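Enquirer: Sharing a structure with you now.
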């Protein structure tokens, strides 16, 4: 089938001109910049101007009278089809028709002439004079490395127009067509920068770039990089006055290079010696090509962001203060379009440093990020296995309490407000209802997960299920108490277990004789406070343990059942340990003697031995009669007491058998994330410092020797040796050098495409 013939301007003129010689055409009117829409006009207007309304933007002919007697009349020619004359920008929302294809999205250049900065025809121009085939598939790879509409085949032009007409969104479109469209956006931003109407199009172009990145960014690292650099250029042009580090960071794709906008914000913070805000530190971490976040950070981005901000402030206080390094920030825009290749498009920023020449700051941020992903690891694995479980109790308990929903955290604060003397008793069911955990079944693992999560909110949980205590049922009482994060491991030492056993025996015996009253509880609280060999954290947990025992005392039979299997020597060792504990304040009261007698009886040790054992502790002093003990109590040698307290370590193994009512589940093995973030191999096999210098080199096509000397000094490298090593790595990988010359140093930025691949 012969290809379709487009009429020329001469043919149209001959076809529509009335018979001459009575009329002479006037000179054509060429549209000017002033005829463009005003800067205040909306670039996204949906209405389409009529052909007559665009009379200033097309060539038009007028008839004039040939002789005075003839009645004046005129016969204007029809308006020429769009695509003839100087190429013009079609704003978003304007409808155009090219080669029987309706293009409704706009944001393209259409016409017969449009000169690129290189002097050639701009590759983005859609020229209606050129032939278009009846069919073309934009999913097939056809276009060359530097696509151009003028140089494309008729089938390729049809494919490109079809992709435009279908909304520029098909995910399988060959990236060459996406680049061809991108060239037009690039021209509108860079070449038309001085046109106020073009400036008004920037917001629409920004939205379009982000939309295209969402569809094609993962398909082509090259497109992601070029689009990201153009976004940086736009965002800097639209940024409000003031320091960028104090402003929200726009969204940018993660590419081979840290976006210019972020580099400038970091440089301004360094220059001002201002602490780095958490949001900027997070943006640097996420967008830096030198970091590789683990799966938990990418699978649970919202939770990771919140936790990173919390941990960053805990570690860095007001924020990380960046050193002022020697490398100065300069941005050279490397255009994707062949029509702008070689053009000098750059920005300089005075003394603002380029902090990407430093490696230590980003390392500190990576360490905090790794801590956060460790904390989110279990939650991330749950989300990966069962996304629906993330919003339930299982998901809630795997998150640090600081990441719980705001409503749940508010309820948690309400509980802490109810604590009297730092403690609160309530049923497990009420606690779960208060936290909004729902009515799901409660088992041992979930109770332990709850206790572990509460520790993250600096709230202790009794019974001490994390140390092996039996998990309570839904209707059982639990005690919450204030417990700083630093005290989370309290409750496992032998001397603590001895003290806790004393309280358990007291509550068991009190229940047996029905005489566990407020006076005895107050006495035990006083005793706990007097046990000076315990730390304040241990005494806090014992006070909470005692409160839990008053509501859930163990039975004496149950205690005896645990103690009876122990050999006599072990029970006597426990009794001696109890005596030492009772004497820790240097005085044994008559009430304590009576209590010890009950303890000895429960242990199966002769109660009368209490007097001799207590007396033995005071060896070296005057003999004390039983009557004196019953009336005045014992006065003891503090040095001897200290020695006896050290002996409690002997019963550690025995006590562990008594206290661990349920087997404590071993900590889950450290399992690698099922989808670990890939660790990128070293850049061309270079070490960290040389790789950082390589990235800097590739950001510009040319460097002065002084600039590179500053960059090498920031990285603690010798410049000549570093350049030689980088060139050797480039030769090994691509059989060509990366840089040449001495001053200036020219960089083969074309290798960037190969490195990205």
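In the working numbering, the protein residues as written are 534 to 1290.
All residues carry an ideal CB built from backbone N, CA and C; glycine is no exception.
If you're wondering where the values come from, they're calculated on a predicted model, not measured in any experiment.
Would you be able to state if there are at least three C-beta pairs under 8 Å between the region 629-648 and the region 692-710?
Expert: Output reads yes: the region 629-648 touches the region 692-710.
Enquirer: Using a Cβ-Cβ cutoff of less than 7 Å, which residues in the same chain neighbour residue 1032 once the five nearest sequence positions on both sides are dropped?
Expert: The sequence position of residue 1032 within the chain shown is 499, counting from 1. The answer, listed in chain order, is 1064, 1067, 1075, 1114.
Enquirer: Is residue 871 buried or exposed, if buried means 16 or more other CB atoms sit within 10 Å of its CB?
Expert: As a first step, residue 871 is located in the chain shown; it is residue number 338 there, counting from the start. Flag for residue 871 reads buried.
Enquirer: State yes or no: is the C-beta of residue 956 within less than 8 Å of the C-beta of residue 1077?
Expert: Position 423 of the chain shown, counted from the start, is the residue given in the question as residue 956. Position 544 of the chain shown, counted from the start, is the residue given in the question as residue 1077. Contact: yes.
Enquirer: With distance defined between alpha-carbon atoms, name the residue in 925, 764, 962 nearest to residue 524.
Expert: Nothing can be reported for residue 524: it is not among the residues displayed for the chain, which extend from 534 to 1290.
Enquirer: Determine the direct distance from the alpha carbon of residue 788 to that of residue 891, and round the result to whole angstroms.
Expert: Counting from one through the chain shown, the residue named residue 891 turns up at place 358. Counting from one through the chain shown, the residue named residue 788 turns up at place 255. Residue 891 and residue 788: Cα-Cα distance of roughly 18 Å.
Enquirer: Kindly give me the distance between the Cβ atoms of residue 1000 and residue 1024, rounded to whole angstroms, as I take these residues to be in contact under 8 Å.
Expert: By one-based count along the chain shown, residue 1000 stands at place 467. By one-based count along the chain shown, residue 1024 stands at place 491. Contact holds; Cβ gap of about 5 Å.
Enquirer: Restricting to Cα atoms, I'd like to know which of 828, 813, 900 is closest to residue 914.
Expert: Counting from one through the chain shown, the residue named residue 914 turns up at place 381. Considering only alpha carbons, the answer is 828.
Enquirer: What is the residue span of the alpha helix (DSSP H) that residue 906 lies within?
Expert: Locating residue 906 in the chain shown gives position 373, counting from the first residue. Its alpha helix (DSSP H) spans residues 893-918.
Enquirer: Can you tell me whether residue 1292 is helix, strand or coil according to DSSP?
Expert: No answer is possible for residue 1292: the residues shown for the chain start at 534 and end at 1290.
Enquirer: Please state if the CB of residue 655 and the CB of residue 720 are separated by a distance shorter than 8 Å.
Expert: Translated into positions along the chain shown, residue 720 becomes position 187. Translated into positions along the chain shown, residue 655 becomes position 122. Yes, Cβ-Cβ distance for residue 720 and residue 655 is below 8 Å.
Enquirer: Within the chosen definition, does the region 889-907 reach the region 1214-1233 through at least 3 CB pairs nearer than 8 Å?
Expert: Flag = yes, the region 889-907 and the region 1214-1233 touch.
Enquirer: Taking residue 657 and residue 682 to be in contact with their CB atoms under 8 Å, please state how far apart those CB atoms are, rounded to whole angstroms.
Expert: Locating residue 657 in the chain shown gives position 124, counting from the first residue. Locating residue 682 in the chain shown gives position 149, counting from the first residue. Indeed they touch by this definition, with Cβ atoms about 7 Å apart.
Enquirer: Assign residue 803 to one of two classes, buried (16 or more other C-beta atoms within 10 Å of its C-beta) or exposed (fewer than that).
Expert: As a position in the chain shown, residue 803 is number 270, starting the count at 1. Buried, since its Cβ has 16 or more Cβ neighbours within 10 Å.
Enquirer: Within 10 Å of its beta-carbon, does residue 744 have 16 or more other beta-carbons around it, so buried, or fewer, so exposed?
Expert: Stepping through the chain shown from its first residue, residue 744 is reached at position 211. Residue 744 comes out exposed.
Enquirer: Just to confirm, is the Cβ distance from residue 1091 to residue 1010 under 8 Å?
Expert: If you number the chain shown from 1, residue 1091 lands on position 558. If you number the chain shown from 1, residue 1010 lands on position 477. Not closer than 8 Å, so no.
Enquirer: Please identify the residue among 632, 635, 631, 648 whose C-alpha is closest to the C-alpha of residue 620.
Expert: Taking the chain shown and counting its residues from 1, the one referred to as residue 620 is at position 87. Ranking the options by Cα distance to residue 620, first place goes to 648.
Enquirer: Quick one: what does DSSP say residue 679 is sitting in, helix, strand or coil?
Expert: As a first step, residue 679 must be located in the chain shown, where it is residue number 146. Coil.
Enquirer: Take residue 748 as the anchor and find which of 782, 704, 1237 has the nearest alpha-carbon.
Expert: Walking along the chain shown from the start, residue 748 turns up at place 215. The candidate whose alpha carbon is nearest that of residue 748 is 704.
Enquirer: Between the Cα of residue 708 and those of 687, 723, 717, 680, spot the shortest distance and give me the residue it belongs to.
Expert: In the chain shown, the residue the question calls residue 708 occupies position 175. The shortest Cα separation from residue 708 among 687, 723, 717, 680 belongs to 680.
Enquirer: Can you grab the Cα-Cα spacing for the pair residue 1020 / residue 1070, in whole Å?
Expert: For this step, residue 1020 is matched to residue 487 along the chain shown. For this step, residue 1070 is matched to residue 537 along the chain shown. Looking at the two C-alpha atoms, the distance is approximately 6 Å.
Enquirer: Is residue 828 helix, strand or coil by DSSP?
Expert: As a first step, residue 828 is located in the chain shown; it is residue number 295 there, counting from the start. Correct three-state label for residue 828: helix.
Enquirer: Are three or more beta carbon pairs between the region 1246-1254 and the region 800-814 nearer than 8 Å?
Expert: No, the region 1246-1254 is not in contact with the region 800-814.
Enquirer: If you drop the 5 nearest sequence neighbours on each side, which residues of the same chain put their C-beta closer than 6 Å to that of residue 1243?
Expert: In the chain shown, the residue the question calls residue 1243 occupies position 710. Same-chain partners within the cutoff: 859, 860.
Enquirer: Please go through the region 929-989 and give each complete alpha helix (DSSP H) segment of 4 or more residues, from N-terminal end onward.
Expert: Entirely contained in the region 929-989, the alpha helix (DSSP H) runs reaching 4 residues are, in chain order, 939-950, 961-967, 977-989.
Enquirer: For residue 1131, which of helix, strand or coil comes out of DSSP?
Expert: For this step, residue 1131 is matched to residue 598 along the chain shown. Note: residue 1131 maps to helix in three-state DSSP.
Enquirer: Out of 844, 775, 757, 1008, which has the shortest C-alpha to C-alpha gap to residue 868?
Expert: Residue 868 sits at position 335 when you count from the first residue of the chain shown. Considering only alpha carbons, the answer is 757.
Enquirer: Report the residue ranges of all beta strand (DSSP E) runs contained in full by the region 794-869; include only those spanning at least 3 residues, in chain order.
Expert: Complete beta strand (DSSP E) runs here, min 3: 861-865.
Enquirer: Between the alpha carbons of residue 996 and residue 1079, how many angstroms are there, rounded?
Expert: For the purposes of this step, residue 996 is identified with residue 463 of the chain shown, where counting begins at 1. For the purposes of this step, residue 1079 is identified with residue 546 of the chain shown, where counting begins at 1. Distance between the alpha carbons of residue 996 and residue 1079 is about 10 Å.
Enquirer: Look at the alpha carbon of residue 1147 and the alpha carbon of residue 1138, and state the distance between them as a whole number of angstroms.
Expert: Here residue 1147 is taken as the residue at index 614 of the chain shown, counted from 1. Here residue 1138 is taken as the residue at index 605 of the chain shown, counted from 1. Approximately 14 Å between the Cα atoms of the pair.
Enquirer: Which one of 761, 1130, 876 has the shortest CA to CA distance from residue 650?
Expert: Counted from its first residue, the chain shown places residue 650 at position 117. It is 876.
Enquirer: Between residue 774 and residue 780, what straight-line distance do the alpha-carbon atoms span, to the nearest angstrom?
Expert: Translated into positions along the chain shown, residue 774 becomes position 241. Translated into positions along the chain shown, residue 780 becomes position 247. Cα to Cα, residue 774 sits roughly 10 Å from residue 780.
Enquirer: So what's residue 782 in DSSP terms, helix, strand or just coil?
Expert: In the chain shown, counting from the first residue as 1, residue 782 sits at position 249. In the structure shown, residue 782 sits in coil (DSSP, three-state: anything other than H, G, I, E or B).
Enquirer: Output the distance between the C-alpha atoms of residue 1052 and residue 994, rounded to the nearest integer angstrom.
Expert: Taking the chain shown and counting its residues from 1, one reaches residue 1052 at position 519. Taking the chain shown and counting its residues from 1, one reaches residue 994 at position 461. Each residue's alpha carbon lies about 25 Å from the other.
Enquirer: Which stretch, first to last residue, makes up the alpha helix (DSSP H) that contains residue 723?
Expert: Mapped onto the chain shown, residue 723 falls at position 190. 708-723 is the span of the alpha helix (DSSP H), which, as asked, contains residue 723.
Enquirer: Between which residues of its own chain and residue 1275 is the CB-CB distance below 6 Å, once the five residues before and five after are set aside?
Expert: The residue you call residue 1275 lines up with position 742 of the chain shown. Taken in chain order, the list of residues that qualify is empty.
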